[in-house]
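What follows is a single structure, written as structure tokens, with notes after it.
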Amino acid sequence: TMDNNGLLHYQGRKDHQIKLHGQRIELGEIERCLLNITSISACVVMKWNDDYLVAYVQSSATNEQELHEHCQSHLPPHMIPSIFIILDKLPLNPNGKVDRKLLPSPHFSSTNLTNTRELLLPTNDIEVSIHHIWCETFKQSQISTDANIFTIGGHSLVIVQLFHRYKTEFNLETNTLSISNLFQHPTIIHHAQFIQQSINTIHTLDDYRWSSLHLIQARASFAQERIYLDEQIRFSSNKTTMNNMYVIPLLYRISSMNDHISISRLQHAFQSIKRNLHVLRTALYLDMNGVIVQNCLDANTLIDDRKSSRLTITNLPDEEHEQNEIVKKILNQSDLFNLSKGHVINCHILRRNQSNHSFTHSNNDLLTKDDLILFTIHHAMFDGVSTSIFTRDFSLAYQSDDLLPIDDNSLQYIDYSIYEHIMDMSLSREFWHSQLERYNIESSLSLPFDRKRSPTDQQRSGLASIAEITFDNELCTLFLNYASSHHLTLFQLGLSIFYVFLFKLTHGQTDLCIGFINANRYRSELVNMIGMFVSTLPYRLEIDSHWSFDELVKYVQEKCLSILEHSHYPLQRILADLHLTQSNASFLETMFDFITISNENNDLCLDGVNVEQVSLNQSYEMAKFDFSLTFVYNPSSDDNQLSCSFVCLRDLFDKTTLAIIGRRFQHVLEQLFSSKSSTKYIDLYCTSVSKVDLILPEEFEERQAIMFHRLENISNEAPASFAQDRIRSENQRDADTDQAPLTINNMPFFYRLYTGDILSVKQLRHALQLVVTKHESLHTSLIYDSNNNQLMQKVLTQQNINNDMFTITESSYETDEQLNAIIENEKCNPQLFDLAHGVVFRCHIIYYKQISSNTILSNKDIIIFNFHHAFFDYPSMNIFLHDLDQAYTTDQLTTDNNTTLRYIDYALIEQQASMAGASMFWLDVLHDCKLDQSLSFPYDRYRLMNEHLTNQTIPISFDFGSDLSHQFLTYASSNNVKHEHLALTIYYVYLFKLTNGEKDLCISMNIDNRYRDELKSIIGLFENIIPLRCQLDPHWNFQYLLNYVRQITTNSMKYSYFPLQLILSQHPNVSKPAFLDISFEFLSSMTTIDNKLIMIGDSQLSFISSTMNINDFTLTIQEDLNVNQLSCTINASLDLFDVDTIDKISQRFHSILRQLFIPVDNQTNKPIHEISLTLSNEQYLMQSLNNTQMSFPSSPFTCIHHEFVYQVMKHP
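Each residue of the sequence shown is one higher than the one before, starting from 140 at the first, in the numbering used here.
Pasting the structure below:
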């Protein structure tokens, strides 16, 4: 509302979202749940007295018990109404809406509460005391003693606070109460039982309270040692741009015009608190023996030494960005701290121009509105929990005219460090050894770094890249509801999500170990002490990729509870036990933290003046770790209670990369918790966490987002396409391994005229010239630019070429041997092309007996169109033949050279296109795949390195026949699967059996990659090769495997545009990818050139089949759509297989087909491992060999020994 002065006052929310017991609740969600009951026609849910939810329902056919049970089965515990009031009709206002003011007040009698949820009252003195503590903590008047703390707004920090409160309240000894028990059984009843057990425990000599040792010098604490060494080792070089990596800044602002702070009293309070708190006047240094020592300086000497006051006054400019720069400059002062001299805390007064404040203009001692107070404290002496203690003590010091008294008998931080070093931690040592057993703690996570750190250089700049994520109210509510309904702490749920995210971000790493920051105030004596107690601990989780999210959360919860009892074990000892140091422990580089902002006010209260704490700008953030995620939960906030941020080292991550990582994390959150229809929802109960997707919605559609069009700024020169670059890489690879004969990029197509048809060579030449002129790929050069390390293509014009853009060669033959020699030369001679000069197409006319004088071709003559593969693929042939027919018939070809999409345009747009989603997909699919490990085929010979191979292959084919074809097609139709998917599934079964049970099968498949209509009219090389990985289970039946293969193939095809060389670049350690040697093809008569009627003018040409295979083993299934028949061709390398072996392999594949689809042998319902590879004649032979039922001619009753003697005597 607006007051008389025009000021707006915030009075709360007008919607019906409320907060109850610290939990945000959407009342509409409860109402929708109740309205699902058919007998309820209307309902309203309201909050009463800040303690209860009351549901008013309009119904005449229900009761409170039914309503309560319905809500109990559909809502988290904290959202179940305490009281249900059933009315015949809800009161309405004149507008027809429910009039909430007229709803009857509920009666909070014991009867009402018993009918819904029974309110259990304390039954003994301990329960009464605990009940009082809980009500005080949660600001409630009554809490049922069986209420779960996590359903009424509790979290892990509250449990820790209760733990210390119990120990103080009931005078419990240190080791008698287990904090993990409090987590596991979070009710008043159970806590009372544990406290009773603790009281009854016989205490040991170790159960004594810590008291002052009256020391001024001692060894540093483990936490101080860790900070000191980290600062010296990782952040002390010229690379580190921040001078103070471990500064804790506390910034406060005077917010009211009427408030004033005295600088002299501030200075008095600052000196007083340093004098009173030993840790704030303690030096830290390395002694002569190499031990890090802390030394408490004399208080009086510190007060008398004005140079040690560490209080400065700086004038602030009016511009906010200049103010930020001053704060940033202070935080980066090289002399801000001097640990060896005990300079560990500073106070900086930042005051604005006094001329702006008439009151302070005459009084130089006063600070007023918008002036700032900045404390900078070294982390070695201070942690986050210390802040509230510091502000309380500083406020007391400001109000007191005298210096705060020094209590020499109180426990000091230096005493804590001594007790910590002499503690018996043998049980914790055994625990941590078991936790990290067999873990390679030096191996780092496979995160998407932009740069990697050298193993010999562990220095860091400290500069941070930051990505922040804010939960909307719906996501926050669902997150809190999940934690509440599963009795989790928010830390446990946040950590579980982070594990799922890391599992996906590292593309399937299952053994994950990360660092966690723990407050470590594990004794009551430490709760109200200023100092550095924080510990860093490894949290290791071995994920099973088949776990659902619910299962993973359960394991994380158990892990967290088991660690609680041993969280005080120092990091240094964990590392020493593993013979490691801080610099080579990989888990220290990936950190997780969950911060719950306490309701306690961290503002300074200086003699009645509230000075509000101010959050520092992001630009002050420093990165102490490579990769860290921090959740922040602020239950007192009206909106956006939950947020998180990634803070990563800029040395390794660019800001753009981290921004994408942040969006991927938010995408994971939405899949797990969001109810938005646009988000893929994960069933948390049964769906495997491996189904969580990191690919963003826009990346999923990135292929559709690519716009291919004519590029006006590109004339005739541009980088080569990915496909062209792959051809060059293959040539280079084979040349490096002395396998140049393997590099065959000739693509010859052989044609012969039908009997009676003729063709004019002169007219053909002119038509070819028109086709080549239209398609720039057929007169383009390919040259490697060594200066820029890039393969370039350049479209050549007639001015660039001294002669024709292509060559026509004429020759003759008389015998088949001569013809075969010419054909073999066309297939295998790389000298026929010259990429550097754009000679990438040739036409060879072979006349029968002699070259025709009238240049007319007849049916015995052969025409060969030969292309270099770098500019041509199989689909290009259809375009070529279509245009050749048109050019030959009409003597012209029309094209718009200014608007037509060219291959060179495609290549450049493809190079610049975003492929982040595809990159994520292929990293996931091929994680842990042994790409360089060949399948165990029944080779007759093995390839040796640098061995010259013949590259000869032999195809062996067989027809399915009408019955088998019919059964195949019927099975595909009845199961609604593509014929290609069915054929591929059979192939995987066959490979599984042929390789003696290999379950991880990765093969290759060629993709034409013309995924957009505008690419289907361009001649060029578009094809890509993709890996198809199948991880089958031998116990699956064929139908299950078919569904699995359909899924993986469909997904792979979505991202088949991702170039092969980029897939391989993701696996730099793989030198020879073995999956390229085994391939699969499925061809239909509509997609092949062989069976298509070819016309040039009025003449018909027939295609002469000629196979060329560069793989070791290729299986091709071909479907003739005209007659619904299928055939199979197995093409195998004669360098590795004998012809008899290939023939036997072919027979075995045919046998598996019959077992799967012929009704008598149908085995589609049997486990895959039961399918037999044995041929029928081999089965007969095995039966004969295993037949032990033998009869002897001498006597049917004789034994084999007598028969042997009889035969010897008969045939001496």
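Beta carbons are placed, not taken as given, at the ideal position from N, Cα and C, and that holds for glycine.
- Runs of the beta strand (DSSP E) lying entirely within the region 334-366 and spanning at least 3 residues, in chain order: 356-358.
- Taking the C-beta atoms as reference points, residue 522 is found no nearer than 8 Å to residue 384.
- Using a C-beta cut-off of 8 Å, the region 708-716 makes contact with the region 569-577, since at least three inter-stretch Cβ pairs fall below that distance.
- Taken in chain order, the whole beta strand (DSSP E) runs of length 3 or more contained in the region 694-747 are 729-735, 743-745.
- Here residue 170 carries a helix assignment [DSSP, helix/strand/coil].
- Collapsing the DSSP output to three states places residue 826 in coil.
- Scanning 605, 893, 646 for the CA closest to the CA of residue 788 turns up 605.
- Here DSSP, grouped into helix, strand and coil, assigns residue 791 to coil.
- Excluding five sequence positions before and after residue 229, the CB atoms of its chain that fall closer than 7 Å to its own CB belong to 181, 183, 195, 197, 237, given in chain order.
- Taking a contact as a CB-CB distance under 8 Å, the pair residue 1093 and residue 1281 counts as one, their CB atoms being some 6 Å apart.
- Contact check for residue 615 against residue 781 passes: the beta carbons are separated by less than 8 Å.
- Per DSSP, the continuous beta strand (DSSP E) segment holding residue 197 begins and ends at 191-197.
- One alpha carbon belongs to residue 1309, the other to residue 636, and they sit about 41 Å apart.
- Following the DSSP letters along the chain, one finds residue 1221 inside the beta strand (DSSP E) bounded by residues 1217-1223.
- Short of 7 Å from the beta carbon of residue 304, and not among the five residues preceding or following it, lie these beta carbons of its own chain, in chain order: 272.
- Taking every protein chain shown into account, the CB of residue 562 has fewer than 16 other CB atoms within 10 angstroms, so this residue is exposed.
- As a beta-bridge residue in DSSP terms, residue 946 pairs with 981.
- The three-state secondary structure of residue 761, taken from DSSP, is strand.
- Straight across, the Cα-Cα distance linking residue 405 with residue 655 is about 37 Å.
- If you draw a straight line from the Cα of residue 300 to the Cα of residue 293, it is about 11 Å long.
- In the DSSP assignment, residue 675 falls within the unbroken beta strand (DSSP E) covering 674-681.
- Of the residues 186, 219, 157, the one whose Cα lies closest to the Cα of residue 169 is 219.
- Excluding residues up to 5 positions away in sequence, 986, 987 lie with their Cβ nearer than 6 Å to the Cβ of residue 1000 in the same chain.
- Between residue 1073 and the set 1052, 1212, 950, the nearest pair of CA atoms involves 1212.
- With a cutoff of 8 Å on beta-carbon distance, residue 682 and residue 733 are scored as not near each other.
- Counting only the Cα atoms, residue 1004 lies some 11 Å from residue 966.
- Taking one beta carbon from each stretch, the region 1234-1242 and the region 1009-1028 have 3 or more pairs nearer than 8 Å; the two touch.
- If you check the CB distance, residue 947 and residue 984 come in under 8 Å.
- For residue 262, the number of other beta carbons within 10 angstroms of its own is below 16, and it is reported as exposed.
- Here residue 858 is buried, its C-beta having at least 16 other C-beta atoms within 10 Å.
- Ranked by how close their Cα comes to the Cα of residue 1042, the residues 680, 918, 807 have 918 in first place.
- In the three-state DSSP reduction, residue 490 falls in the strand class (E or B).
- Excluding residues up to 5 positions away in sequence, 400, 506, 507, 508, 509, 510, 750 lie with their Cβ nearer than 7 Å to the Cβ of residue 393 in the same chain.
- DSSP links residue 1166 through a beta bridge to 1143.
- In the three-state reduction of the DSSP assignment, residue 658 falls in the coil class.
- The C-beta separation of residue 1056 from residue 838 comes to about 3 Å, placing the pair in contact by the 8 Å criterion.
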